Each structure stands twice: as structure tokens, then as C-alpha cells.
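In our numbering, the protein residues as written are 29 to 277.
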């Protein structure tokens with residue numbers, strides 16, 4: 029599973045702004061009920077949206093916004109909170125005043141910005157092997173370190189947790205079979221555990237990563253919602269949501 033070169037990062041030239049707002053300062057008419065969302069869309073820029081969702085019993089509003097950008101991830105990471113809000117306001121300057129007022133209400137300490145990107149996976153290989161370890165040392169990678177993906181399906185955190193659950197169950201089986209504790213596993217046993225994790229996870233992760241990339245690519249040229257994508261890919265979403273660890277199947 030050793031990689032001969034560092035994974036390449038693919039940029040989609042999109043930026044995401046996230047923040048929280050105290051609902052007490054917001055016009056009740058635009059506060060969505062819990063489980064629903066209010067979405068503002070640009071009439072001219074495909075994929076530029078500003079979305080509100082209520083949380084914490086409607087006392088807090090979560091804001092997510094996406095826009096085009098020429099800035100790199102390195103530049104965006106260096107923005108301090110007030111600079112991020114200023115750039116956010118600039119990117120949405122042609123949106124209704126409601127949106128600009130909401131940006132001004134965002135709590136600076138809650139503002140988080142990042143560019144939409146993912147780790148490059150070889151498109152020419154139908155079943156590429158991801159780099160779960162360097163192949164020599166008893167160190168395993170999970171989550172974005174292996175398969176960083178776009179947020180277009182909202183699966184990055186979920187897939188990371190799946191990795192951890194699968195690894196824990198494989199480790200449990202290994203220690204039970206060897207009748208020993210985790211700290212007493214041999215180097216060979218640990219490396220075999222990593223190999224089993226790779227075997228169990230690689231195919232599913234590659235499928236989710238590619239589907240996430242496809243949806244992100246569609247959004248670059250068309251106003252496509254996740255619901256529309258789900259309707260066109262029902263079989264994939266059944267597999268996605270009905271997951272169970274392969275180590276217990």
C-alpha cells in the first residue's frame with residue numbers, strides 16, 4: 029500500500045463559509061424551523077448559495093455559504109475571523125440585504141472557512157489502492173489523511189468514523205484470536221490488521237470519494253441539489269446508508 033509520491037490535492041475553486049448566529053438577533057420571519065432550511069441562491073453564479081438551519085432548539089442558527097474563489101487553501105487558512113467575515117460579505121455583496129445583515133451577525137469566533145478540494149485518486153484505475161500506511165511501520169491512516177473528499181455529499185466525517193469502527197472491530201478480533209492485549213500484539217499482527225482494514229475499506233471509500241467528486245463537479249456547471257443527485261443514484265445511496273462493518277458480516 030506504499031505510495032511512490034505524495035497525494036495530489038484537486039481544487040474546485042470554491043470556498044465554504046460556516047458560522048453560528050444567535051437566533052435572538054434574527055428576524056423570526058426568516059428563521060427556519062428545526063429540520064428545515066432557508067436557502068438564498070445567486071441568480072447569476074451557479075452554485076453560490078447562502079443557507080440557514082436552526083439548531084439547539086432554535087436558539088442558534090447554523091450558516092453555510094459557498095462561492096467561487098481564486099484564493100488557495102493556504103491563503104484562506106491565514107484569514108483571521110474579521111478578515112473572513114469581510115471577504116464573505118464581499119463575495120455576497122449582490123445578495124439581498126437580509127443576507128448581508130446575517131453575515132454581520134455571525135459570531136467571529138465561530139467563523140470557519142475552507143476551500144473545496146479533495147485528494148486526487150487515479151481515474152484510470154478502476155480499483156485504486158489508497159495509501160493506508162507506508163507499508164513498513166505499524167502506523168495506520170484513517171479519514172481525510174487517506175481519502176480527503178469534497179463536502180458535496182456530507183460524508184467526510186461519516187467515512188472517517190466508519191474507518192475507526194472497522195479498525196476497532198478488526199483489532200478486537202485480532203486480539204481475541206491471539207488471546208492477547210493490543211499492546212502485546214506483534215509487529216506482524218499489527219501489519220496484518222492494517223492489511224485487513226485496507227481490504228475491508230478500500231472499495232467502499234473509493235466509491236464514495238468518486239461519487240462526492242462527481243456531485244462537486246456537477247455543481248460547477250449546474251444548480252444541482254443533493255436530492256436530485258440521490259434520485260439519480262438510488263442504488264448507491266442505499267449502499268451508503270445501509271453500511272455495516274465488513275468485519276462482523
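Yeah, the Cβ is synthetic: ideal placement off N, Cα and C, and Gly gets one too.
Because the structure is a prediction, the values reported are computed rather than measured.
Q) Helix, strand or coil: which one does DSSP assign to residue 46? A) On the chain shown, residue 46 is found 18 positions in, with the first residue counted as 1. Looking at residue 46 - three-state DSSP - the assignment turns out to be strand.
Q) Is the region 248-263 close to the region 186-205, with three or more CB pairs under 8 Å? A) no
Q. By Cβ distance below 6 Å, which residues in the same chain neighbour residue 177 in space, the five residues on each side in sequence not counted?
A. Translated into the one-based positions of the chain shown, residue 177 becomes position 149. So the list reads 146, 184, 237, 240, once near-sequence residues are dropped.
Q. Straight-line CA distance for residue 27 to residue 140?
A. Look at the range of the chain in this structure, 29 to 277, and you will see that residue 27 is not part of it.
Q.
Report the start-end ranges of each beta strand (DSSP E) in the region 54-123 that is 3 residues or longer and not cut off at the edges.
A. 65-69, 77-83, 88-96
Q) Using CA coordinates, which residue listed in 90, 74, 39, 64 is at the minimum distance from residue 54? A) On the chain shown, residue 54 is found 26 positions in, with the first residue counted as 1. Cα-wise, what sits closest to residue 54 is 90.
Q) With which residues is residue 146 paired in a DSSP beta bridge? A) Reading the chain shown from its first residue, position 118 is the one you call residue 146. According to DSSP, residue 146 bridges with 38.
(Q) Give me, in chain order, the residues of the same chain whose beta-carbon lies closer than 7 Å to that of residue 68; leave out the 5 immediate sequence neighbours on both sides. (A) Start at 1 with the first residue of the chain shown, and residue 68 comes out as number 40. Contacts found: 77, 78, 123, 124, 127.
Q.
Tell me which residue opens and which closes the alpha helix (DSSP H) that residue 187 is part of.
A. As a working note, residue 187 is residue 159 in the chain shown. Residue 187 -> alpha helix (DSSP H) spans 184-206.
Q. Residue 195: buried (16+ other C-beta within 10 angstroms of its C-beta) or exposed?
A. Position 167 of the chain shown, counted from the start, is the residue given in the question as residue 195. With 16 or more Cβ atoms within 10 Å of its Cβ, residue 195 is classed as buried.
Q) Under the rule that 16 or more other beta-carbon atoms within 10 Å means buried, what is residue 80, buried or exposed? A) Along the chain shown, one-based indexing puts residue 80 at 52. Its Cβ being crowded by 16 or more others within 10 Å, residue 80 is buried.
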